[in-house]
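Residue numbers (my numbering), protein chains in the order written: chain P, 441 to 1107; chain B, 2 to 165. Just so it is clear, CB atoms sit at the ideal spot from N, CA and C, and this is done for glycine as well. This one's a predicted model, so the numbers in the text were calculated from it and none came from an experiment.
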Amino acid sequence: MSEKIGVYVCHCGTNIAGTVDVKGVAEWAAEHLKHRGVVIGRDYKFMCSSLGQELVENDIKELGLTRVIVAACSPHLHEKTFRTACERAGLNPYLCEMVSIREQVSWVHTDKVAATEKSKAAISGGVERVIHNEPLEPIQVPIHADTLVVGGGIAGIQAALEIADAGYHVCLVEREPSIGGHMAQFDKTFPTLDCAACILTPKMVEVGAHPNITLLTWSEVEKVDGFVGNFKATIRKKASYVNTDSCTGCGICWEKCPKKVVDDVFEAGMGIRKAIYRPFAQAVPKYPVMDVENCTYFKNSKCKACQLFCPTEPNSINFEQKDEILEVQAGNIILATGYDLFDATRIPQYGYGKLPNVFTSLEFERMCNAAGPTEGKIVLRDMKTAPKSVVVVHCVGSRDENYNKYCSSICCMQSLKFAHLVMERTGAEVYNCYIDIRTPSKDYEEFYKRVLEEGGHFIRGKVAEITDAARIPEEEGKLIVQVEDTLIGKQRRIPVDMVILSAGLEPRHDAKEVGKLFGIACGASGWYTERHPKLDPVATMTDGVYIAGCVQGPKDIPASVVQGAAAAARVLGKIQQGVISLEPIRASINKDQCSGCRICNGLCPFNAIAYIEDDNVSDINPALCQGCGTCVAACPAGAISGTGFSNEQIIAQIDGLLLRNLEPAGV
Amino acid sequence: MSEQFEPTIIGFTCNWCSYRAADLAGTSRMKYAPNVRLIRMMCSGRLDPTFVLRALSSGADGVMITGCHPGECHYIEQNYKALRRFLLLRRVLAGLGIEPERVKLVWASAAEGARFASETTAFVEEIRKLGPLNWGKTDDRQQTMDDVESSVVNRPSSEMEVPA
Chain P
441 MSEKIGVYVC
451 HCGTNIAGTV
461 DVKGVAEWAA
471 EHLKHRGVVI
481 GRDYKFMCSS
491 LGQELVENDI
501 KELGLTRVIV
511 AACSPHLHEK
521 TFRTACERAG
531 LNPYLCEMVS
541 IREQVSWVHT
551 DKVAATEKSK
561 AAISGGVERV
571 IHNEPLEPIQ
581 VPIHADTLVV
591 GGGIAGIQAA
601 LEIADAGYHV
611 CLVEREPSIG
621 GHMAQFDKTF
631 PTLDCAACIL
641 TPKMVEVGAH
651 PNITLLTWSE
661 VEKVDGFVGN
671 FKATIRKKAS
681 YVNTDSCTGC
691 GICWEKCPKK
701 VVDDVFEAGM
711 GIRKAIYRPF
721 AQAVPKYPVM
731 DVENCTYFKN
741 SKCKACQLFC
751 PTEPNSINFE
761 QKDEILEVQA
771 GNIILATGYD
781 LFDATRIPQY
791 GYGKLPNVFT
801 SLEFERMCNA
811 AGPTEGKIVL
821 RDMKTAPKSV
831 VVVHCVGSRD
841 ENYNKYCSSI
851 CCMQSLKFAH
861 LVMERTGAEV
871 YNCYIDIRTP
881 SKDYEEFYKR
891 VLEEGGHFIR
901 GKVAEITDAA
911 RIPEEEGKLI
921 VQVEDTLIGK
931 QRRIPVDMVI
941 LSAGLEPRHD
951 AKEVGKLFGI
961 ACGASGWYTE
971 RHPKLDPVAT
981 MTDGVYIAGC
991 VQGPKDIPAS
1001 VVQGAAAAAR
1011 VLGKIQQGVI
1021 SLEPIRASIN
1031 KDQCSGCRIC
1041 NGLCPFNAIA
1051 YIEDDNVSDI
1061 NPALCQGCGT
1071 CVAACPAGAI
1081 SGTGFSNEQI
1091 IAQIDGLLLR
1101 NLEPAGV
Chain B
2 MSEQFEPTII
12 GFTCNWCSYR
22 AADLAGTSRM
32 KYAPNVRLIR
42 MMCSGRLDPT
52 FVLRALSSGA
62 DGVMITGCHP
72 GECHYIEQNY
82 KALRRFLLLR
92 RVLAGLGIEP
102 ERVKLVWASA
112 AEGARFASET
122 TAFVEEIRKL
132 GPLNWGKTDD
142 RQQTMDDVES
152 SVVNRPSSEM
162 EVPA
């Protein structure tokens, strides 16, 4: 049967038409590919507009088109649009193919003649391929109504609560002993100066008590199998050596524990905890965990003070506890694993780690926190002297060619908050050394104004060096901040008591491995890549896996909450649908052709191919097959066909791209 | 002689990384040589070496195979299979008297639009230096192609292993 093919070439305004002779290409296709079945070639300003789609639909109905080629943007953008349009007109959607002449032609080439010729070749390839397309039906998969949320910071908390409140079950997995994330470490939040704990802890408590939330703290996801609708996550619940059924969280165990440990995680190295500990008073859940590496009993086989003093019946301390491996079923996954703070020791000229009174932003947050190591007093490293002058260094590790090129987005406001807090609590002179002040959200600029009016000094310049080497008597015993004030064009040396480094945000050190676990990719800066930077910021390229908060890029609390809620809304939408349609791109074996050689068996990473001994053939389980096509390419008998990407389709496309299909007169 | 040789190149991309790298090169308006015409597959593991031979015998002067970086394959490890086939294919090509350099393997992640663009332009220049292939222009060449196809189809499984 000969096909009736319609070719539609999009101008995309001037995006394509500015470089490609769109009209000429459409006419060329109608004329030179006529013998291949092209019955109509049209060009249109915006094919994706409703009028553009109507053109296709009308032609299917009136001209009886059996195949459609749309030459426009990338299929990743609009394939669904045009396939849906075809479906509306009664044509199987998989008989429509897109040819990318924007991302792959007009946007990357400048020579109009070459771009036009390449467009023609691309369309020719598409026409040859689409002839071999087969009508397909999407695979319907039921959606498991449970959701797995990974990361219990504010974004993960928000996502979990939204879904749980809507009546669906959530499993929230957190690596640390408590949920709360970085926000739990902060004292005040900009620009309103709300106390972070006051607004966060009620949400944490809600998560802990919610009947629809299973909270797994001190746990990590080790493996993820399956696909959208039917994920199976393997989670390691680390042994806490505390029996949570009987523990009341009374605190006697950590009171009695003789081993003091510097808390590098929650207190950012500023405070101490015990070997058995709860990171902070409002932790959720309330149960402590044992730090095996520092526990005296685990090191020397004696002590057990915690067990000895535990008042519960039965005793809640169990030194025999083992890691538990749990399997969790989930239809969708939300990743909200947050960020790491830039390690300020990587900039040696700022002296962090060598000069005691240089602090990182997180250390300063802990210092300001009433529940922190100094009970909210802003003091030097000696823990008693209040500073008389402070420099806040902006953009530490951000907007810097040597470290991270991106703007960490939160540091300007964070630094302004620090300036305010220092002035309010100590009356010290505060200098902000900035590159640019960026206050783009609601009420942020007003806060900047406020700090200016309160008497904060602002020096526009990137700090070159922080040193304790005095040149003049006034600098003796001080930290000297060397900076060029670019607004007055002068080098300045500012002697101060304290320096706060407003360190930037970085992707988690293990972001890449975790991404691999969930099948999602990191961008060039290491943050997870969203499906579309503007229109689909919380979905990823992997169906059913969503991202929220700082995993997607640096952002402040309001933005993280927005993303957590957005991801939850996307998941709820999926759960409501009940079933989801998957692309029917799968491999299948023609048993008459299969010789039973079993070459394909070992090639499948999903174990979808099984050898049937009785029939001496291999068979593919379509539920496990992901459609990569490796077995199709390997089958020596050509017995395996890959739907949507068959040998016939690809070979035809090769010939078409090389214009082997043109009649001699047309060459 | 004044006219510069413009090679025709077929490029194979995987759906998840390298096609998206090409998309990113586009959205970032990075310019590269217009000689490569792309075919999208789900995975570089889908690449049947006969596709490459078919392209070369049908008029392509070079073939660029692209996929996710090792360890980043959407299908876990199928790009390693593409790598094996690529290495084997280059030996077959050399045996046929065709410069193995006419086939190139490029890893490009979805974030590496710039890499995709620069590797493409570099490959076009390499092929330009090698000159036209002209396979398939004569009948006996076509004969060779048929022989090759049958020999590749009937290859023993042991050849699929990565050469040591």
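### Cβ contact (3+ pairs, closer than 8 angstroms) linking the stretch 1051-1064 of chain P and the stretch 515-522 of chain P
Contact fails: fewer than three Cβ-Cβ distances are below 8 angstroms.
### Query
In angstroms, rounded to a whole number, what distance separates the CA positions of D908 of chain P and R933 of chain P?
Approximately 11 angstroms between the Cα atoms of the pair.
### Backbone CA spacing between A599 of chain P and N1101 of chain P [nearest angstrom]
One C-alpha to the other measures close to 54 angstroms.
### Task
Could you tell me whether the Cβ of S19 of chain B comes closer than 8 angstroms to any Cβ of chain P?
So, not an interface residue.
### Task
For Y534 of chain P, name the three-state secondary structure that DSSP assigns.
In the structure shown, Y534 of chain P adopts helical secondary structure according to DSSP, grouped into three states.
### Message
Going by C-alpha to C-alpha distance, which of P:I639, P:G620, P:G453 sits closest to K628 of chain P?
### Response
Closest by alpha carbon: P:I639.
### Message
Quick check on this structure: which residue in P:M981, P:E753, P:K699, P:T752 has the alpha carbon closest to the alpha carbon of K739 of chain P?
### Response
Considering only alpha carbons, the answer is P:K699.
#### Entry: Helix, strand or coil at T28 of chain B according to DSSP, with G and I counted as helix
In this structure, T28 of chain B counts as helix in the three-state DSSP scheme.
### Span of the alpha helix (DSSP H), counted from its first residue to its last, around E102 of chain B
Under the DSSP assignment, E102 of chain B falls outside any alpha helix (DSSP H); it carries neither an H nor an E label.
### Between the CA atoms of A988 of chain P and R142 of chain B - distance to the nearest angstrom
Caution is warranted here: a pLDDT of 47 is assigned to R142 of chain B, below 50, making its placement in the model unreliable, and the coordinate value is therefore given only provisionally. So the two alpha carbons sit approximately 57 angstroms from each other.
### Query
Would P1045 of chain P count as contacting chain B if we go by Cβ distances under 8 angstroms?
Yes, P1045 of chain P counts as interfacial toward chain B.
### Distance, A555 of chain P Cα to S19 of chain B Cα
Distance between the alpha carbons of S19 of chain B and A555 of chain P: 21 angstroms.
### Cβ pair V645 of chain P, V724 of chain P closer than 8 angstroms
Yes, Cβ-Cβ distance for V645 of chain P and V724 of chain P is below 8 angstroms.
### Message
As an exercise, report each continuous beta strand (DSSP E) stretch of at least 3 residues that is fully enclosed by the stretch 686-716 of chain P, in chain order.
### Response
Taking 3 residues as the shortest admissible run, the stretch 686-716 of chain P contains the following complete beta strand (DSSP E) segments, listed from N- to C-terminal end: 700-703, 711-714.
### Task
Determine, using beta carbons only, whether F749 of chain P comes closer than 8 angstroms to chain B.
Look at F749 of chain P: its C-beta is not under 8 angstroms from any C-beta on chain B.
### Query
How many Å lie between Y430 of chain P and R38 of chain B at the Cα?
Residue 430 of chain P falls outside the range modelled here, since chain P spans only 441 to 1107, and no answer is possible.
### Query
At a Cβ threshold of 8 angstroms, is K105 of chain B touching chain P?
Using beta-carbon distances, K105 of chain B does not count as an interface residue toward chain P, since no partner is under 8 angstroms.
### Query
In three-state terms, what does DSSP make of F667 of chain P?
Reduced to three states, the DSSP call for F667 of chain P is strand.
### Task
Return the chain-ordered ranges of every beta strand (DSSP E) run that is complete within the stretch 476-524 of chain P and spans a minimum of 3 residues.
The qualifying runs are 478-484, 507-512.
### Query
Between P:V705, P:D665, P:H860, which lies nearest to G812 of chain P when the distance is taken from Cα to Cα?
Closest in alpha carbon position to G812 of chain P, among P:V705, P:D665, P:H860, is P:V705.
### Query
Of all the CB atoms in chain B, is at least one closer than 8 angstroms to the CB of F1085 of chain P?
It does: the Cβ of F1085 of chain P has a partner Cβ on chain B nearer than 8 angstroms.
### Run of the beta strand (DSSP E) containing M42 of chain B, from where it starts to where it stops
Counting along the chain, the beta strand (DSSP E) containing M42 of chain B begins and ends at 37-42.
### Query
With which residues is L1043 of chain P paired in a DSSP beta bridge?
For L1043 of chain P, which the question treats as bridged, DSSP gives no partner whatsoever.
### Task
Say whether chain P places a C-beta atom closer than 8 angstroms to the C-beta of F52 of chain B.
A Cβ of chain P is located within less than 8 angstroms of the beta carbon of F52 of chain B.
### Query
Quick one, are the C-beta atoms of I850 of chain P and A1007 of chain P less than 8 angstroms apart?
Against a cut-off of 8 angstroms, the Cβ pair of A1007 of chain P and I850 of chain P comes out as no contact.
### Query
Taking Cβ positions only, does Q544 of chain P come closer than 8 angstroms to chain B?
Yes, because at least one Cβ of chain B sits closer than 8 angstroms to the Cβ of Q544 of chain P.
### Query
Of the choices P:Q544, P:L535, P:G944, P:I579, whose alpha-carbon is the least far from that of R569 of chain P?
Its Cα nearest to that of R569 of chain P, the residue P:L535 stands out among P:Q544, P:L535, P:G944, P:I579.
### Task
Compare the C-beta of I1015 of chain P with all C-beta atoms of chain B and state if any pair is closer than 8 angstroms.
The beta carbon of I1015 of chain P does not come within 8 angstroms of any beta carbon belonging to chain B, so the residue lies off that interface.
#### Entry: Segment contact flag, the stretch 967-985 of chain P with the stretch 783-801 of chain P, C-beta cutoff 8 angstroms, min 3 pairs
No, because fewer than three Cβ pairs between the stretch 967-985 of chain P and the stretch 783-801 of chain P fall closer than 8 angstroms, the two stretches do not touch.
### Query
What does Q1066 of chain P touch in chain B if you count any residue whose Cβ is under 7 angstroms from its own?
Under the 7 angstroms cutoff, chain B gives Y76.
### Query
According to the neighbour-count rule (16 or more other Cβ atoms, all chains shown, within 10 Å of its Cβ), is Q992 of chain P buried or exposed?
Q992 of chain P should be labelled buried.
### Task
Check whether the Cβ atoms of G446 of chain P and P582 of chain P lie closer than 8 angstroms to each other.
No, Cβ-Cβ distance for G446 of chain P and P582 of chain P is not below 8 angstroms.
### R932 of chain P - containing alpha helix (DSSP H), residue span
Unbroken run through R932 of chain P is the beta strand (DSSP E), 930-936; no alpha helix (DSSP H).
### Message
Give me the residue from P:V460, P:I597, P:E502 with the minimum Cα distance to T546 of chain P.
### Response
Checking the displayed sequence, the identity of residue 546 of chain P turns out to be Ser instead of Thr. Comparing Cα-Cα distances from S546 of chain P to each of P:V460, P:I597, P:E502, the minimum goes to P:V460.
### Task
Give a yes or no on whether 8 angstroms exceeds the smallest Cβ distance from A123 of chain B to chain P.
With a threshold of 8 angstroms between beta carbons, A123 of chain B makes no contact with chain P.
### Query
Residues of chain B with a CB under 8 angstroms from the CB of D983 of chain P: which are they?
Simply none; closest approach about 12 angstroms.
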